[in-house]
Every structure is written in C-alpha cells, then in structure tokens.
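Input: a single structure, listed below in structure tokens.
Number of protein chains: 2
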Amino acid sequence: MPQQRSTRDRLLDAFEQLLVDEGSRAATLDAVAAAAGVSKGGLLYHFGSKETLVDGMVERLREQGETDVELMRTADVGPVEYYLQTSVASGSDFDRALIAASRIAQENTHQAADVLAEIRDSWFTVLKEDLDDEALARTIQLIGDGLYYNDFCGISNPTALTHVREVLARLTAPTD
Amino acid sequence: MPQQRSTRDRLLDAFEQLLVDEGSRAATLDAVAAAAGVSKGGLLYHFGSKETLVDGMVERLREQGETDVELMRTADVGPVEYYLQTSVASGSDFDRALIAASRIAQENTHQAADVLAEIRDSWFTVLKEDLDDEALARTIQLIGDGLYYNDFCGISNPTALTHVREVLARLTAPTD
DNA sequence: GTCTATATTCTGATAGAC
DNA sequence: GTCTATCAGAATATAGAC
Numbered sequence: 002m003p004q005q006r007s008t009r010d011r012l013l014d015a016f017e018q019l020l021v022d023e024g025s026r027a028a029t030l031d032a033v034a035a036a037a038g039v040s041k042g043g044l045l046y047h048f049g050s051k052e053t054l055v056d057g058m059v060e061r062l063r064e065q066g067e068t069d070v071e072l073m074r075t076a077d078v079g080p081v082e083y084y085l086q087t088s089v090a091s092g093s094d095f096d097r098a099l100i101a102a103s104r105i106a107q108e109n110t111h112q113a114a115d116v117l118a119e120i121r122d123s124w125f126t127v128l129k130e131d132l133d134d135e136a137l138a139r140t141i142q143l144i145g146d147g148l149y150y151n152d153f154c155g156i157s158n159p160t161a162l163t164h165v166r167e168v169l170a171r172l173t174a175p176t177d
Numbered sequence: 002m003p004q005q006r007s008t009r010d011r012l013l014d015a016f017e018q019l020l021v022d023e024g025s026r027a028a029t030l031d032a033v034a035a036a037a038g039v040s041k042g043g044l045l046y047h048f049g050s051k052e053t054l055v056d057g058m059v060e061r062l063r064e065q066g067e068t069d070v071e072l073m074r075t076a077d078v079g080p081v082e083y084y085l086q087t088s089v090a091s092g093s094d095f096d097r098a099l100i101a102a103s104r105i106a107q108e109n110t111h112q113a114a115d116v117l118a119e120i121r122d123s124w125f126t127v128l129k130e131d132l133d134d135e136a137l138a139r140t141i142q143l144i145g146d147g148l149y150y151n152d153f154c155g156i157s158n159p160t161a162l163t164h165v166r167e168v169l170a171r172l173t174a175p176t177d
C-alpha cells in the first residue's frame with residue numbers, strides 16, 4: 002500500500018498550490034511551511050534554500066511528465082483525444098505541477114522553463130507520429146496550449162472541448 | 002507631433018518590461034524606478050503605492066485593448082487573419098502589456114485578470130460575428146491563446162502561423 | 001526531523017529638502 | 001517633480017535547543 006505522503010512531498014504540494022492560487026509573490030518560505038503544517042526551520046531541513054525547493058518541484062515535474070507522455074502514447078482513446086482531454090483543467094497533480102511551473106518559468110535560472118519545453122516537445126513528437134501531419138500536429142498542440150492557458154488564467158469554458166472536437170471532425174469528414 | 006514620453010509612461014513601460022522579462026518578484030518599486038531612470042521617491046510621486054502602479058498599468062491596457070478590437074474589426078486582411086497575426090510575438094506595446102498583465106493576473110485584486118477577460122471576450126465576439134460559426138470561432142480563439150501562451154513562455158515557432166493557416170484552409174477547401 | 005530564536009537583506013512607504 | 005534619508009515589516013537564511 003502507498004505510504005503516507007512524506008513531509009517533503011507535502012512541502013512541494015503546498016508550494017505548488019500557493020503558486021497556482023496566489024502566484025509567485027505569495028509562495029514565500031513562511032507561507033509554504035505554514036500550508037504544509039511545519040515551521041520554517043522544518044522546511045529548511047528538507048530544502049536548504051528556496052532554490053532547492055524550486056529544484057525539487059521541477060524534478061518531480063520532470064518525472065510526472067515522463068509518465069504522462071507514456072500514458073499519452075498508449076491511451077485507448079488515442080494520443081490526440083488524450084492530449085486534448087488532459088489539456089483542460091482536471092485538477093490532477095500533474096495539472097497543478099504544470100501551472101505552478103509556468104508561474105515561475107521566467108524567474109530564476111530557467112530550470113522550470115526548460116522542463117516545460119521538454120514536456121511540450123515530447124507531446125509534439127507523439128502527436129506528429131500519430132497523425133503523420135506536421136501542420137495538423139502543430140495546430141492541435143496550439144489548441145492544447147490554448148486550453149491550458151485558459152486554465153492558467155482561471156478561465157473556464159465547459160463547451161470548448163466539444164467545439165474543438167467538432168471542428169477537428171470536419172477535417173476528416175468534410176460536410177460537402 | 003507626439004510629445005516626449007512622460008515620466009509616468011516611462012514608469013509603466015519599465016514596470017511592464019520587468020514583469021515580462023523577470024516576473025512579478027523582480028518588478029519591485031526599486032527596480033521599476035531604476036529602470037525608468039528615476040528614484041523611488043520620484044516613482045511614488047506619480048504612483049502613490051504599488052497598487053496604484055498596477056491600476057495604472059491595467060487602465061492603460063484597457064485603452065490599448067479597445068483600440069486593438071477596433072483595428073481587428075476593420076482590418077483589411079479580415080478579423081481572423083488579424084487576430085492570428087497579432088497573437089504571435091510582434092514586440093508591440095500591446096503585446097508587452099498583455100504579457101505583463103497575465104504575469105500578475107492571479108495576484109492582487111484581480112483587476113488585471115478582469116481586463117484580460119474583457120479583451121478576450123471582445124475578440125471572441127468579433128470572431129463569431131465574422132465567421133458565424135461558434136465552434137470555429139472558439140477553436141481559432143484557442144489557437145490564438147496557444148500562440149500567445151508560447152510567447153508568454155518564451156517559446157518561438159516561426160512556422161506555427163503557416164501551419165495554422167494551412168489547416169484552416171483545409172476547412173474551407175477540402176483536399177478531396 | 002522539527003522547533004524557536006536571531007541575523008540580514010529586501011520591499012513598500014513616509015517625510016521633508018531642493 | 002524629483003531627490004535623499006529613514007522606518008516598519010517581510011523574506012531568506014543560520015544557529016542551536018529538543
């Protein structure tokens with residue numbers, strides 16, 4: 002059975018949640034420690050500095066990203082539908098990690114931006130392999146980016162995915 | 002002739018540029034003042050607090066947004082092409098203002114998020130009127146969001162727009 | 001592993017000179 | 001309109017007790 006979430010993981014969870022909900026400025030060591038239910042000293046035992054905390058978050062994101070790409074590659078519904086479905090807010094751990102990373106992507110030493118770019122490249126590779134159509138793969142990736150950006154900004158469009166599916170269907174079955 | 006850029010405008014420019022380049026944490030009053038070439042006291046004469054500075058930026062963005070929507074509505078190339086072209090990084094003042102605003106959209110009292118939502122709504126309205134096709138309008142807006150998100154993350158895809166145009170062309174002229 | 005001081009620097013903001 | 005000096009509080013980080 003899965004052991005209880007470690008303090009280390011709870012600290013990363015709290016850091017991500019603060020980034021998602023209130024942004025980079027609010028995600029202070031104080032706030033992260035409090036949200037995880039430990040003292041600042043307790044936090045600094047696990048992550049010796051704020052930079053180390055960011056590193057830990059980014060490293061966990063990289064692992065989650067690898068898992069996601071494998072799930073996308075082997076999804077029953079196919080890579081495209083899997084990609085679109087997971088581009089809308091689902092509240093998953095991976096969603097939170099992605100949004101959190103993009104909140105700090107332009108700060109610090111760009112490690113977050115690098116991992117985000119890596120994951121995006123993997124998604125594109127899978128889409129291109131599946132579709133064998135670079136222009137369409139690029140367009141679908143942009144639509145996923147758009148859905149993801151809406152999530153990032155807190156915009157919710159329940160019908161967006163339906164509309165996208167309808168338009169994509171026209172490409173394979175023209176309404177002539 | 003246009004008079005020289007006022008100190009007030011230079012302060013807003015510097016604030017936006019810092020938000021775009023280094024993010025919210027780096028956009029301190031100290032840094033903004035230095036980048037604009039004035040002292041912190043000088044800054045605080047024009048904007049009495051950081052909140053006022055944000056207000057000023059958001060208000061300027063609203064005006065730029067209204068101008069842009071009018072340009073989109075009357076563009077020679079049509080609203081769709083105008084929208085796609087201006088969704089990729091062009092380095093315009095409006096681009097910078099949009100990216101800057103989304104960097105702080107989840108912070109403070111959500112004024113930035115509100116104006117961004119307003120502008121997005123206007124774009125969608127114009128797209129829907131022009132296309133008379135809600136699903137397609139929504140999809141094109143998402144593609145624009147995707148292009149904009151790539152810019153936001155510092156990703157550059159010179160061929161993205163070409164690919165999008167190609168796929169959109171297939172919708173009106175099927176390759177049967 | 002976790003906590004409570006404490007040190008240090010940064011950040012936003014005020015007061016008053018020029 | 002712009003500057004310097006200054007302050008209170010926040011943010012990161014260290015030291016050492018438990």
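Chains as they are written, first to last, in the working numbering: chain A, 2 to 177; chain B, 2 to 177.
Ideal Cβ placement from N, Cα and C applies to all residues, glycine included.
This one's a predicted model, so the numbers in the text were calculated from it and none came from an experiment.
Spatial neighbours of residue i in its chain, beta-carbon cut-off 7 angstroms, leaving aside the 5 residues before and after
| i | result |
| --- | --- |
| B:A106 | A113, A114 and L117 |
| A:P80 | M73, R74, V127, L128 and D131 |
Rounded distance between the beta-carbons of residue j and residue i, thought under 8 angstroms
| i | j | result |
| --- | --- | --- |
| A:L162 | B:I144 | So it is not a contact: roughly 14 angstroms between Cβ atoms. |
| B:E17 | B:A101 | 4 angstroms |
| A:L19 | A:A34 | The Cβ separation is near 11 angstroms, so there is no contact. |
| A:T140 | B:V165 | 5 angstroms |
| B:Y150 | A:Y149 | 7 angstroms |
| B:G57 | B:F48 | 6 angstroms |
| B:E23 | A:E108 | 7 angstroms |
| A:G147 | B:D146 | 3 angstroms |
| B:F153 | B:S103 | 6 angstroms |
| A:K51 | A:L85 | Their Cβ separation, rounded to whole angstroms, is 35 angstroms, which puts A:K51 and A:L85 out of contact at 8 angstroms. |
Interface flag, residue i vs chain A, CB-CB below 8 angstroms
| i | result |
| --- | --- |
| B:S91 | no |
Cβ of residue i within 8 angstroms of any chain B Cβ
| i | result |
| --- | --- |
| A:S25 | yes |
| A:Q107 | yes |
| A:G234 | Missing from the structure shown is residue 234 of chain A; chain A here goes from 2 to 177 and no further. |
| A:D146 | yes |
| A:G70 | For clarity, residue 70 of chain A is Val in the given sequence; the question names Gly instead. Cβ-Cβ to chain B under 8 angstroms: no for A:V70. |
| A:L132 | no |
| A:L19 | no |
| A:L172 | yes |
| A:S103 | yes |
Contact set between residue i and chain A, taken where Cβ atoms lie within less than 7 angstroms
| i | result |
| --- | --- |
| B:T87 | Within chain A, no residue comes near B:T87; the closest Cβ sits about 15 angstroms away, beyond 7 angstroms. |
| B:R139 | A161 and H164 |
| B:A136 | H164, E167 and V168 |
Same chain only: Cβ atoms within 8 angstroms of residue i, ignoring 5 sequence neighbours per side
| i | result |
| --- | --- |
| B:L72 | Y83 |
| B:D69 | T87, F95 and I120 |
| B:H40 | Going by the sequence as given, residue 40 of chain B is Ser instead of His. Cβ neighbours of B:S40 beyond the five flanking positions: A34. |
| A:T8 | A37, V39, G43 and H47 |
Beta-carbon neighbours of residue i, restricted to chain B and to distances below 8 angstroms
| i | result |
| --- | --- |
| A:I156 | A118 and R121 |
| A:A114 | C154 and G155 |
Neighbouring residues, chain A, relative to residue i (Cβ below 8 angstroms)
| i | result |
| --- | --- |
| B:Y83 | Correct list: empty, because the minimum Cβ distance to chain A is about 17 angstroms. |
Under 7 angstroms by beta carbon: chain B residues contacting residue i
| i | result |
| --- | --- |
| A:L143 | I144, G147, L148, A161 and V165 |
Residues near residue i in its chain [Cβ-Cβ closer than 6 angstroms; skip 5 each side]
| i | result |
| --- | --- |
| B:R11 | A37 |
| B:S123 | V70 |
| A:Q65 | F95 and A98 |
| B:L62 | A98, A102 and V116 |
Checklist entry - Can you list the beta strand (DSSP E) stretches of 3 or more residues lying completely in the segment 137-171 of chain B, in chain order? => result Here no run is fully enclosed.
Checklist entry - Going along the chain, which unbroken runs of the alpha helix (DSSP H) with 4 or more residues stay wholly within the segment 23-53 of chain A? => result Counting only runs that start and end inside the segment 23-53 of chain A, the alpha helix (DSSP H) elements of at least 4 residues fall at 30-37 and 41-47.
Next on the checklist: List, from N- to C-terminal side, the alpha helix (DSSP H) runs of 4 residues or more that fit wholly inside the segment 80-114 of chain A.
Outcome noted: 80-88 and 94-104
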